[in-house]
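This report refers to the structure that appears directly beneath it.
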Amino acid sequence: MTTRWSRRGFLAAGSGTALALGVHTTAGAAPLTSTEITSTEISAAADEFASLRAKWRTLILGEGFSPTAEPFKTRLSELGTTVGQLQATMAPTSGSLWPDLGYADPEPDTDQESYGYSGNLNASYNRLNTLAQAYTQQGTGLTGDTGLRDDILTGLDHLYSEVYNETQVRYGNWYSWQIGAPQALLDVCVLMYDQLSAAQLTDYLNAVDHFVPDSAVSSYTGTSTGANRVDLCRVLALRGVVGASSAKVALARDALSPVFPYVSGGDGLYTDGSFIQHTTVPYTGSYGSVMLGGLGMLFALLTGSTWEVTDSNRQIVFDAVENAWAPFLYNGLVMDGVSGRAVSRGLSASDAKQIQQDDHLRGHPILAAIVLLGQGASNTENARWRGLVKGWMQRDYYSPPMSNPSIGLTSLARLKGVQDDTTVSAVAEPTGHRLFTNMSRATHRRPGWAASISMADRRITYYETGNGENLHGWHTGSGMLYWWGDTFGNGQYSDAFWPTVDPYRLPGTTASRKVLADAAGGDWGASLPDVNWVGGATDGQRAAIGQYLKGLQSTLLAKKSWFCLDDSIVCLGAGIKCTDGTAVESTIENRNLGPTGSTPFQVDGVTKPASYPWSETLTGATWAHIGGHGGYVFPGGATFTALRDARDGKWSAINTGGATTVLNRKYLTMYVDHGTNPTGGSYAYLLMPGATAAQTQTCAAATSWLTVLANTDSQQGVSVPSLGFTGVNFWFGGTVGDLTASNPCAVMISEKSDGTAVICVSDPMRMQTGLTLTWNRAVASVTAKPSTVTSATTGSALTLTFGNLSTTAGVTQKITVKLG
């Protein structure tokens, strides 16, 4: 007896049409013939694909907003105006659909040219997508316009016959052919589905199959990992939905699974919250945003369908919202240290509307993606995330998300829904320290401010360049120290910072003034320093962080440390040497003061000139203060140069696609000049974000509050008795204060008021197969320790013996003791 098809079994067998079916029988049963497949079952299959098309239409157009309410009314009107302009300039001819977007490749042997032409193909489809949205959205003034419909269909047929078809050999950037163009094309196919003939759909889907075959996701390697894999799965899923192919949708769902598990190398999410793309680039804020948004879209599309994503590992993605993304979101912005070459995308030379890109505008799509992802998470997670998003939105005074011109109506609608939801209470910014050992990044968040440190090692690149972008990012991984205040400084890196800042004087870095070429070191994160000791130890609130620095294409060597405390960060540098024949500088601060730059600046209570340009070398200074920003304390006094500088720059100088408009920003810079070819340079200063001048002066006068235990090429360490804090970075084994280490390691100790202490130890080098640490402090007992501690001796001193630490990936080992 034959078994009648279940809806799920019927749909799972389909490949292209309702009749292209396999057979589904019980054991020993006769094969099921096509005549036994009922019209009801065929209708069910068609209905589910229609339902998925409708769902995707909603996902890309948005829902729950009124086209007559702001900001939607204005945005819809602007969309109509933009599309009217695009219609007026559309001129199909051989080699282009729009005159400014030629896609024919006249120089196939010139890679950069080919990239540009393939990018124009991508842009052409994106414009058609914009036209289709104006046609299908309410309130654009062009909704349902027959002339617009005809232009869209003309454009689709033109691009198919000219270039994006099954006989074309791709050129330039693979991304345009496999992700950019087909995503936009398939979105248009969904929006215009009822206007397209079966022959047109067949042609377009054949083109997609040609450039994005099933083999594109056959192995989790190369350009088919992380965010790229999610993008490819989106193409395959929509190809299946538009073409009613169950096999394609199932393939897309199954091909997502390699994205979910934690990785131990290369692209993907790590257990410590790191996210890597392009093998060596920390990318939470750019590719990570794409992956989070893409997964949210696909989860939402497939939820409740035959092809729902049920892989239990998808919980890893949900956990990553707070483990990986939230630590880098602050007041609505996403920190630049995890956005790769995207930081160089400011104003585009080809963008007629000249929409600025910056850390805030990159952060807002992540907020919207978190809201969407919450629809597929647990009720508890969804509620928590909506509270986080509401808090970030409310605190983004610099760039309110609802005024962001670069995010779509869909994202605006999601964010508006959270903003207006009276059942959701805003969640405050979390405090604490997070060390991301697998991408050489750290974040330190305290009440009223947040900071981030960017480093580089043999696994993580100095910086990423590629496609002519981020040409001067050379020193961003040389210990750049970013920081923001809760009500100040949120535009520090947003306001034309990257095109106007001196790239050799990035705050926190030590760098040679040796002139570097554009894109020095190679594309796609190719430049990696040959160093191992990068990382640190943390108890989740404070930290001891260190970086052994080797300069990019330079002989520069330095040891750099940051001790992250309750209201400050202690910054030490030592062993600074170089034979480049150029000056070497350590930049204490390089604050962007905007176009006017009238911010007051004082050193040891003396107000310095507010004129531009101005510079002065200060000797024996004990403190400095930048009005409205924060204070700087120099233990034992310091010699540094202070500089007011009015700097010109343009986006095209750091990104070949950038605008050529000359910008000017005022900077207040403090740097230590180590001289030419230094042999043993050093520095020491305390950063106090948000501190007043009086607070800074008081801290400088309290000379016993902070003790610099060591600042040499062998060890760096500090002690703050009032906090019960001791932090030491042992570049080599030795003794510093009350601590003796047999081998290189990072150590941080917090003594508590309840008579206990937490000793945090790590092996940043990932090379120690054994380590002995002695703390010359009376300890009564060890109350908790990890398995890496093989023995612990207490009494008048504590001696800890560790086994193999080389496999711990630099993760902090925490030991809790009761003090004697």
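Heads up: the sequence shown runs through residues 37 to 856, numbered per this note's numbering. We put the beta carbon where it would ideally sit given N, CA and C, even for glycine. Computed from a predicted model, the values in this text were never measured in an experiment.
Using a Cβ-Cβ cutoff of less than 6 angstroms, which residues in the same chain neighbour residue i once the five nearest sequence positions on both sides are dropped?
{"i": "Thr-261", "result": "Asp-303"}
{"i": "Cys-600", "result": "His-469, His-480, Arg-578 and Ala-579"}
{"i": "Gly-685", "result": "Pro-535, Thr-536 and Leu-699"}
{"i": "Asn-860", "result": "Summary: the structure shown does not reach residue 860, with the chain confined to residues 37 through 856, and so no result is reported for it."}
{"i": "Leu-608", "result": "Ser-597, Ala-720, Asn-747 and Gln-752"}
{"i": "Val-853", "result": "Ala-793, Val-815 and Val-818"}
Residue i and residue j: beta carbons closer than 8 angstroms?
{"i": "Gln-169", "j": "Leu-115", "result": "yes"}
{"i": "Phe-311", "j": "Ala-378", "result": "no"}
{"i": "Thr-346", "j": "Leu-95", "result": "no"}
{"i": "Ala-273", "j": "Leu-337", "result": "yes"}
{"i": "Met-724", "j": "Gly-664", "result": "no"}
{"i": "Val-744", "j": "Pro-671", "result": "yes"}
{"i": "Ala-816", "j": "Leu-775", "result": "no"}
{"i": "Val-285", "j": "Val-277", "result": "yes"}
{"i": "Asn-691", "j": "Arg-398", "result": "no"}
{"i": "Gly-707", "j": "Thr-675", "result": "Note on identity: in this sequence residue 707 is Tyr, with Gly being the wrong assignment. Against a cut-off of 8 angstroms, the Cβ pair of Thr-675 and Tyr-707 comes out as no contact."}
{"i": "Asp-575", "j": "Lys-850", "result": "yes"}
{"i": "Leu-221", "j": "Val-244", "result": "yes"}
{"i": "Leu-448", "j": "Arg-111", "result": "yes"}
{"i": "Ser-563", "j": "Thr-497", "result": "yes"}
{"i": "Ser-530", "j": "His-396", "result": "yes"}
{"i": "Tyr-499", "j": "Gly-509", "result": "yes"}
Mapping the DSSP letters down to three states, classify residue i as helix, strand or coil.
{"i": "Val-754", "result": "strand"}
{"i": "Gln-123", "result": "helix"}
{"i": "Met-801", "result": "coil"}
{"i": "Gly-329", "result": "helix"}
{"i": "Phe-335", "result": "helix"}
{"i": "Asn-367", "result": "coil"}
{"i": "Thr-810", "result": "strand"}
{"i": "Phe-524", "result": "coil"}
{"i": "Ile-690", "result": "coil"}
{"i": "Ala-820", "result": "strand"}
{"i": "Val-853", "result": "strand"}
{"i": "Met-857", "result": "Shown here, the chain extends from 37 to 856; a query on residue 857 therefore has no answer."}
{"i": "Tyr-306", "result": "coil"}
{"i": "Thr-94", "result": "helix"}
{"i": "Trp-485", "result": "strand"}
{"i": "Ser-740", "result": "coil"}
{"i": "Ala-360", "result": "helix"}
{"i": "Thr-61", "result": "For Thr-61, the pLDDT reaches just 29, beneath the cut-off of 50, and the residue's location in the model is therefore unreliable, although a value from the coordinates is still provided. If DSSP states are grouped into helix, strand and coil, Thr-61 belongs with coil."}
{"i": "Asn-242", "result": "helix"}
{"i": "Thr-829", "result": "strand"}
{"i": "Arg-111", "result": "helix"}
{"i": "Glu-72", "result": "With a pLDDT of only 44 at Glu-72, under 50, the local geometry of the prediction cannot be trusted, and the value read off the model is given with reservation. Correct three-state label for Glu-72: helix."}
{"i": "Trp-519", "result": "strand"}
Counting only C-beta atoms, is residue i closer than 8 angstroms to chain C at any point?
{"i": "Thr-591", "result": "No chain C is part of this structure, which consists of one protein chain only."}
Is residue i near the ligand HEM, judged by its Cβ being under 7 angstroms from some heavy atom?
{"i": "Arg-111", "result": "By its list of ligands, the structure shown contains no ligand whatsoever, and the ligand HEM lies outside what it can speak to."}
Starting from the C-beta of residue i, find all residues in its chain whose C-beta is less than 7 angstroms away, skip the five residues before and the five after it, and write them out in chain order.
{"i": "Thr-339", "result": "Gly-412"}
{"i": "Thr-467", "result": "Arg-481, Arg-482 and Pro-483"}
{"i": "Thr-259", "result": "Trp-210"}
{"i": "Gly-846", "result": "Thr-473, Gly-571, Ser-798, Asp-799, Pro-800 and Arg-802"}
{"i": "Leu-47", "result": "Because the pLDDT of Leu-47 is 35, which lies under 50, any placement of that residue in the model is unreliable, and the number read from its coordinates should be weighed accordingly. For Leu-47, where only same-chain residues beyond five positions count, the Cβ hits under 7 angstroms are Ala-81, Glu-84, Ser-282 and Thr-342."}
{"i": "Asn-165", "result": "Ala-220, Asp-223 and Val-224"}
Spatial neighbours of residue i within its chain, please: C-beta separation below 8 angstroms, excluding the five flanking residues on both sides.
{"i": "Thr-844", "result": "Ser-798, Asp-799, Arg-802 and Thr-824"}
Q: Specify whether the segment 542-550 and the segment 434-446 touch according to this definition: at least 3 beta carbon pairs, one from each stretch, less than 8 angstroms apart.
A: no
**Q.** Inside the segment 599-672 only - alpha helix (DSSP H) runs reaching at least 4 residues
**A.** none
(Q) Does the structure place the segment 674-682 close enough to the segment 733-750 that three or more beta carbon pairs sit under 8 angstroms? (A) no
Q: Could you tell me whether the segment 293-307 touches the segment 225-244, using the rule of 3 or more Cβ pairs below 8 angstroms?
A: no
Q.
Quick check for students: name the residue ranges of the alpha helix (DSSP H) that lie wholly in the segment 438-470, counting only runs of 4 or more.
A. 445-455
Q. Residue ranges of each beta strand (DSSP E) run of no fewer than 3 residues wholly in the segment 134-211, ordered along the chain?
A. none
Q: Quick one: which unbroken alpha helix (DSSP H) runs of 4-plus residues sit fully inside the segment 255-297? Chain order, please.
A: 262-278 and 282-291
Q: Ignoring anything shorter than 3 residues or poking outside the segment 533-571, list the beta strand (DSSP E) runs there in chain order.
A: 546-548
Q. Which runs of the alpha helix (DSSP H) spanning at least 4 residues fall entirely within the segment 689-736, listed in chain order?
A. none
Q: Determine, using beta-carbon pairs with one atom in the segment 805-812 and one in the segment 775-791, whether at least three such pairs fall under 8 angstroms.
A: yes
(Q) Threshold first: 4 residues or longer. Then list the alpha helix (DSSP H) segments lying entirely within the segment 372-429, N to C. (A) 395-410
Q. Are three or more beta carbon pairs between the segment 605-613 and the segment 626-636 nearer than 8 angstroms?
A. no
Q. Taking three-plus beta-carbon pairs below 8 angstroms as touching, is the segment 485-493 in contact with the segment 366-375?
A. yes
Q. Taking one C-beta from the segment 650-664 and one from the segment 502-513 each time, how about it: are there three or more such pairs within less than 8 angstroms?
A. no
**Q.** Three-pair Cβ contact test at 8 angstroms for the segment 450-463 versus the segment 416-425
**A.** yes
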